[in-house]
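**Q**
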Amino acid sequence: MSTDYVPPPDHRATQHEGTSSLAINNTFPRRFMTLVALKTSARFYKHDGPCILISKSLIVKKGSFVHLTEAATMQFVAANTSIPVPTVHCSFVHKKRAHIVMQRIRGTSLAEAWKPLSEADLASIFAQLRHMLEELRALVPPNSVGVESCTGGSLRDSRIPRSRPRFGPLKSIQHFHRWLWEDLETDSQPDHIEDQDWKDIKEMATKQNATIVPMRGWIYEEIDLPNVRNTNSLLARIIIAKVEDEKRLVEIIRSAPVIQNDPNWRCRTWVADVLSRIASDGGRAIGTSELDWAKIERVPRDYVANKTATGRYLDPAVMPLPKPTWDMLQGKEIVP
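Residue numbers (UniProt numbering): 1 to 336.
1) I'd like to know whether the C-beta of Asp281 is nearer than 8 Å to at least one C-beta of chain B.
2) Is the beta carbon of His94 closer than 8 Å to that of Leu35?
3) Put Arg97 into one of helix, strand or coil per three-state DSSP.
4) Under 8 Å, do Tyr313 and His131 count as touching if we go by C-beta distance?
5) Give the list of continuous alpha helix (DSSP H) stretches no shorter than 4 residues that lie fully inside the stretch 43-102.
6) Could you name each continuous beta strand (DSSP E) segment of 3 residues or more that falls completely within the stretch 269-300, going from the start of the chain to the end?
7) From which residue to which residue does the beta strand (DSSP E) around Trp326 run?
8) Counting Cβ pairs, one atom from each stretch, are 3 or more of them under 8 Å apart for the stretch 40-54 and the stretch 84-99?
9) To the nearest angstrom, how far is the alpha carbon of Asp121 from that of Leu110?
10) Hey, Ala241 and Ser289: beta-carbon distance below 8 Å or not?
11) Using the C-alpha atoms, what's the distance from Trp114 back to Ala127?
12) Is it buried or exposed, Arg254, if we count other Cβ atoms within 10 angstroms and call 16 or more buried?
13) If we call anything under 8 Å between Cβ atoms a contact, is Ala256 one with Asp273?
14) Between which two residues does the alpha helix (DSSP H) holding Lys39 run?
15) Could you check if Pro324 is buried or exposed, using at least 16 other CB atoms within 10 Å of its CB as the buried criterion?
16) First and last residue of the alpha helix (DSSP H) that includes Ile173?
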């Protein structure tokens with residue numbers, strides 16, 4: 001017996017409830033000027049979709065699928081990566097619609113520019129996208145994080161029919177999978193037992209229901225880089241010390257323990273521990289040095305962000321060249 005499909009409920013009217021804390025610069029003057037501009041100056045500009053020009057330098061994004069989480073996410077990405085995103089001037093909810101006022105970035109969309117691009121242009125674009133994805137993947141989530149936004153709230157994915165308009169947060173990946181299946185129990189469908197597609201579905205369900213645990217814990221590995229100046233494994237090099245005794249330095253590095261089953265332990269924790277051990281060695285392994293972990297963590301991020309902004313990684317022809325190098329001992333760039 002067939003059952004008529006029942007679409008999931010539409011929560012657009014209530015999606016903004018309890019989200020006031022996500023608003024940015026939500027003041028009366030900013031709201032008033034934005035709403036006035038949408039009624040006046042916006043009429044002098046063409047627009048298509050949720051983004052509306054209100055001046056030569058400002059855009060307002062609003063609509064039934066726009067949410068304050070989007071503006072909060074842009075600020076999060078801007079604060080934690082070198083990925084260029086529009087500056088958010090303010091965000092607020094008016095008449096159950098989120099409004100995001102942001103910087104207008106002039107340019108041509110990739111869809112419009114794609115056809116005449118050369119192979120070198122495409123390679124440059126792919127290199128930029130790869131770098132952006134690597135930066136996002138390198139962000140360390142909070143402990144016990146589930147499937148949720150960077151603010152710990154709901155998500156939007158237009159590819160998921162049940163996302164009307166948002167879903168979550170969900171406390172684990174397993175809960176997300178069960179939500180996707182609408183809590184379907186595969187054993188409750190005996191009529192499909194010989195159906196190959198149904199067998200595939202059951203196999204997928206079994207894998208997704210399994211508790212996700214690492215195949216192995218943290219492992220210390222050493223990789224030989226015969227030409228560290230030109231390796232594609234690095235975006236930049238940062239010089240922090242002059243090596244006096246390489247053998248002793250290697251021993252110190254290898255002596256730093258790799259901690260298992262500690263949710264607060266990360267690769268950066270291990271690096272900070274190594275630097276502390278080197279500093280406690282009394283200058284036998286290294287000479288002149290800069291071992292302040294706070295500085296070492298900040299300088300490379302700022303340096304790579306600056307090189308990205310100036311287009312250093314845009315030209316495929318320069319990628320095989322020696323990597324940009326900043327010497328923290330001299331406080332200057334020695335390889336551009």
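By construction, the Cβ of each residue, glycine as well, lies at the ideal position given by its N, Cα and C atoms.
If you're wondering where the values come from, they're calculated on a predicted model, not measured in any experiment.
**A** Short version:
1) Although the question refers to chain B, the structure presented lacks it and comprises just one protein chain.
2) Position 35 of the sequence shown, counting from 1, holds the residue named residue 35. Position 94 of the sequence shown, counting from 1, holds the residue named residue 94. Their beta carbons are under 8 Å apart, which means Leu35 touches His94 by this criterion.
3) By one-based count along the sequence shown, residue 97 stands at place 97. In this structure, Arg97 counts as strand in the three-state DSSP scheme.
4) If you number the sequence shown from 1, residue 313 lands on position 313. If you number the sequence shown from 1, residue 131 lands on position 131. Yes, these two residues count as a Cβ contact at 8 Å.
5) 68-80
6) 286-289
7) Numbered from 1 along the sequence shown, position 326 holds the residue referred to as residue 326. Taken as a continuous stretch (DSSP letters only), the beta strand (DSSP E) holding Trp326 covers 325-327.
8) no
9) Mapped onto the sequence shown, residue 121 falls at position 121. Mapped onto the sequence shown, residue 110 falls at position 110. Going from the Cα of Asp121 to the Cα of Leu110 covers about 11 Å.
10) Counted from its first residue, the sequence shown places residue 241 at position 241. Counted from its first residue, the sequence shown places residue 289 at position 289. With respect to Ser289, Ala241 sits close: the two C-beta atoms are nearer than 8 Å.
11) In the sequence shown, the residue the question calls residue 127 occupies position 127. In the sequence shown, the residue the question calls residue 114 occupies position 114. The alpha-carbon atoms of Ala127 and Trp114 are separated by roughly 15 Å.
12) Numbered from its first residue, the sequence shown carries residue 254 at position 254. Exposed.
13) Position 256 of the sequence shown, counting from 1, holds the residue named residue 256. Position 273 of the sequence shown, counting from 1, holds the residue named residue 273. Cβ distance < 8 Å, so Ala256 and Asp273 count as in contact.
14) Working through the sequence shown from its first residue, we reach residue 39 at position 39. Residues 28-39.
15) One-based indexing of the sequence shown puts residue 324 at position 324. Per the 10 Å Cβ criterion, buried.
16) Reading the sequence shown from its first residue, position 173 is the one you call residue 173. Counting along the chain, the alpha helix (DSSP H) containing Ile173 begins and ends at 173-181.
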